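Using the working numbering, read the sequence shown as starting at 2 and increasing by one per residue. Backbone N, C-alpha and C fix where the C-beta goes; we use that ideal spot for every residue, glycine too. The structure presented is a predicted model; accordingly, all values stated were derived computationally and were not measured.
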Amino acid sequence: MREIIIRARRIVLGTGAKIENGYIAIFGSRIKEVGTWRRNVPTSRRKTFDVGHSILLPGLINAHSHLCFTGMVGMFDPSKGFHSWVKTITCEKNKWTPDKFLRSWVTGCQMLLESGVTTTLDVVSVPELFPDIIEVTPLRVIPFLEVTGIKSRIDPDQTATQVRQTILKWQSEGKLVGVSPHSPYATTPRLLRSLANAIADLEVPAMIHVAESQAEFEMFLHADGPMYQWLARNERDMSDCGGVTPVQHLTKHWTKLQHTILIHANYVTDSDIQTLAANYVPVVHCPRSHKYF
């Protein structure tokens, strides 16, 4: 395997330090050497690329993506509200073939690569396709297995066991993997508890959408609103709603809070913020998604 040297006008290190007129030596998949370019840098056995006035940066990390839904961009009108948007996506998703999901996934990977992203934490809705996607992209995709349970007739304990088995299989193949019980509104308290118990002994991070919309906040705090009515019509047990914020609901039923990344958290109280801070819970805010509604 031949060593590669990339020379650039400026190199920015992960610490923020800058090297003017710098170079990076790469062997295989590892950076072997970083420094200032000089005439005596050995190049005879190294393939050298001079990228001129370019700036080399560490690859960016996208902390939350849904790559398999890339092909749905711009398809739906958000003006009817968040719950209507979610409903429309769910209906469209049920029409898609595996090939359509795969093509959408590949498109999303390419978009991230072109924007400088080299690693993404991706919510995987179609896990059977994941082995195929990692074979066709150089993007580092860390899968978070999505779990929902509104209409499912499968027992929550059985669902949790299936998720555990998939995680163990992927871990045995050397994959870093996480789990994503989608959100408090798209799951049930029993499913959250079962899943947390099933993975309690595993080194598995979690990712959960929480307090994304006013409708979700109203659903849990007041047991009312358009999302509450929609989910009630869809046979979700709504007895967990009323008198709690989405964050309080999650704190009560999800025992792995300290190993969880929260997505959105747009509607939180001061008490919610204190709870998250006390448990060192990171929040990934999505401003363009929030502005969409």
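What residue range is occupied by the uninterrupted beta strand (DSSP E) comprising residue i?
i	result
ASN95	Here ASN95 belongs to no beta strand (DSSP E), and DSSP marks it neither H nor E.
LYS48	47-51
LEU263	261-265
ALA207	207-211
ALA64	61-66
PRO227	Unbroken run through PRO227 is the alpha helix (DSSP H), 227-234; no beta strand (DSSP E).
PHE145	141-148
SER116	First-last for SER116: undefined, no H or E at that position.
GLU34	31-37
SER181	179-182
Excluding the 5 residues flanking residue i on each side, which residues of the same chain have their C-beta closer than 7 Å to its C-beta?
i	result
HIS260	PRO206 and ALA207
VAL202	Going by the sequence as given, residue 202 is Asp instead of Val. Taken in chain order, the list of residues that qualify is empty.
CYS242	MET220, PHE221, ALA224 and TYR229
ALA9	GLY23, VAL52, SER55, ILE56 and LEU57
ARG295	For the chain, the structure presents residues 2 to 294; residue 295 sits outside this window and is missing.
GLY226	ALA216, GLU219 and MET220
Within a Cβ cutoff of 6 Å, which residues of the same chain sit near residue i, ignoring the five residues on either side of it in sequence?
i	result
ASP273	THR246 and VAL248
ILE143	LEU122 and LEU177
PHE28	GLU4
ILE134	TRP106
ALA161	SER195, LEU196 and ALA199
ILE62	THR120
GLU93	none
TRP171	VAL178
ALA279	none
If you draw a straight line from the C-alpha of residue i to the C-alpha of residue j, how long is it?
i	j	result
THR89	MET76	10 Å
GLN159	GLN215	32 Å
GLY17	GLY175	31 Å
ILE262	ILE56	31 Å
ALA224	GLY82	18 Å
PHE131	GLU217	30 Å
TYR293	TRP38	46 Å
ARG165	THR98	26 Å
GLN111	VAL137	10 Å
HIS250	GLY36	51 Å
VAL284	MET239	26 Å
VAL74	SER290	12 Å
VAL1	GLY15	Outside the displayed span of the chain (2 to 294) sits residue 1, for which this structure offers no information.
GLN163	GLY179	14 Å
VAL148	GLU21	47 Å
HIS231	SER173	At residue 231 the sequence reads Trp, which differs from the His that was named. For TRP231 and SER173, the distance between alpha carbons rounds to 40 Å.
ARG46	GLU204	42 Å
Could you round the C-beta distance between residue i and residue j to whole angstroms and report it? I think they count as a contact, below 8 Å.
i	j	result
LYS68	GLY109	Per the sequence shown, the amino acid found at residue 68 is Leu instead of Lys. Indeed they touch by this definition, with Cβ atoms about 4 Å apart.
GLY60	GLY23	The pair is not a contact, with the Cβ atoms about 17 Å apart (cut-off 8 Å).
HIS254	LEU193	4 Å
SER105	THR71	5 Å
HIS65	CYS287	7 Å
THR119	ARG141	6 Å
Are the CB atoms of residue j and residue i within a distance shorter than 9 Å?
i	j	result
THR256	THR276	no
PHE221	PRO185	yes
ALA233	HIS210	no
LYS33	ARG3	no
ALA212	ASN267	yes
LYS101	ASN235	no
THR44	ILE6	yes
PRO128	THR167	yes
THR189	GLY244	no
LYS269	SER181	The sequence shown places Val at residue 269, rather than the Lys named in the question. No, Cβ-Cβ distance for VAL269 and SER181 is not below 9 Å.
LEU114	PRO139	yes
Heavy atom of the ligand GTP less than 8 Å from the Cβ of residue i, yes or no?
i	result
ASN95	The model depicted lacks the ligand GTP and carries no ligand whatsoever.
State the start and end residues of the unbroken alpha helix (DSSP H) segment that holds residue i.
i	result
ARG194	190-199
ARG289	288-293
ILE168	157-173
VAL248	247-254
ILE5	Taken as a continuous stretch (DSSP letters only), ILE5 belongs to no alpha helix (DSSP H), being part of the beta strand (DSSP E) at 4-13.
GLU217	215-223
SER272	271-279
PHE28	Looking at the DSSP string, PHE28 is not in any alpha helix (DSSP H); the run it does join, the beta strand (DSSP E), is 19-28.
PRO283	First-last for PRO283: undefined, no H or E at that position.
PRO132	131-134
Sorted by chain position, which residues of the same chain lie with C-beta nearer than 8 Å to residue i's C-beta, five sequence neighbours on each side aside?
i	result
LYS19	ARG11, ILE12 and VAL13
ARG191	PRO157
TYR281	GLN259
PHE50	ILE5, ILE6, ILE7 and ARG8
ASP271	none
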